[in-house]
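Residue numbers (mature numbering (1 follows the signal peptide of the UniProt record, and there is no 0)): -29 to -1, 1 to 203. Using N, Cα and C, we set each Cβ at its ideal position, and we do this for glycine too. Contents: one structure, followed by commentary.
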């Protein structure tokens, strides 16, 4: 008999306004890429924005060469991994590209070929992990896969690498410390197992990340962040 460890999850309320950038190339849409759901600007699902139009990329034929154009545009290094199957969370945002194909010399996603029509469902969103995401500082936190930046699976940089916090390590005081490390005041809700499928599976299969970086945690109720906690 065995059980699989599950990442810790917590969420708390925040009203979020999203400002969409505008860039229009004469005669055609010129897409600006953004990454969301990864808890950092260097990983997540790809959202393409052109004026008032925005949407996801479908993961059909999505490969590392395609992903490189995204990382380059974001000054986030090169692509070290692609993600498919909405690993950073499922949503109902429409697709603006399918069957993307980029050459190694493509200067941006706009230099690639793609189909405007798609046959993709909500669980086929393409994503990327860029090389700049591999670095970090001890106790740094990312919230992965949530609908907003203030919720998701808890990833922690600890002992030289990124990985998830093991579910049973989570408690009320630990959740508060995680929130404060991420720049928020406190946690309104936390979970010790995966109870929200909308958070997605996250980049759990990427070999550059540890499966779990934190197996246990102990924080005082007044801890200003994870750096004031005991982690193992």
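Bridge partners - residue i, DSSP secondary structure assignment
i: residue 116; result: 123
i: residue 39; result: Partner(s): none; residue 39 has no beta bridge.
i: residue 59; result: DSSP, once it has assigned bridges, lists no residue as partnering residue 59.
i: residue 27; result: 18, 66
i: residue 6; result: 17
i: residue 45; result: BP columns for residue 45 are empty, so no partner.
i: residue 185; result: 136
i: residue 128; result: 133
i: residue 203; result: Per DSSP, none; premise fails for residue 203.
i: residue 72; result: 84
Beta-carbon proximity of residue i to residue j, cut-off 8 Å
i: residue 62; j: residue 93; result: yes
i: residue 128; j: residue 183; result: no
i: residue 257; j: residue 99; result: What is shown of the chain runs -29 to 203, which leaves residue 257 out entirely.
i: residue 49; j: residue 39; result: yes
i: residue 134; j: residue 60; result: no
i: residue 104; j: residue 37; result: no
i: residue 11; j: residue 177; result: no
i: residue 143; j: residue 150; result: no
i: residue 32; j: residue 74; result: no
i: residue 80; j: residue 27; result: no
Outcome for residue i when other beta-carbon atoms lying within 10 angstroms are tallied against a minimum of 16
i: residue 193; result: exposed
i: residue 132; result: exposed
i: residue 64; result: exposed
i: residue 87; result: exposed
i: residue 203; result: exposed
i: residue -9; result: Summary for residue -9: the model assigns pLDDT 34, below 50, so the residue's position carries little reliability; its value from the coordinates is reported in the next sentence. By the neighbour-count rule (16 or more Cβ atoms within 10 Å), residue -9 is not buried but exposed.
i: residue 147; result: buried
i: residue 152; result: buried
i: residue 54; result: buried
Residue interval of the alpha helix (DSSP H) (run including residue i)
i: residue 279; result: Only positions -29 to 203 of the chain appear in this structure, which leaves residue 279 out of reach.
Assumed close pair residue i, residue j - CB separation to whole angstroms, cut-off 8 Å
i: residue 45; j: residue 101; result: 7 Å
i: residue 141; j: residue 110; result: Their Cβ separation, rounded to whole angstroms, is 15 Å, which puts residue 141 and residue 110 out of contact at 8 Å.
i: residue 29; j: residue 89; result: 5 Å
i: residue 124; j: residue 115; result: 5 Å
i: residue 56; j: residue 174; result: The Cβ separation is near 11 Å, so there is no contact.
i: residue 66; j: residue 42; result: With a Cβ gap of about 20 Å, residue 66 and residue 42 do not count as contacting.
First through last residue of the beta strand (DSSP E) which encompasses residue i
i: residue 226; result: As shown, the chain starts at -29 and ends at 203. That puts residue 226 outside it, with no answer to give.
i: residue 52; result: 50 to 54
i: residue 84; result: 84 to 86
i: residue 135; result: 132 to 136
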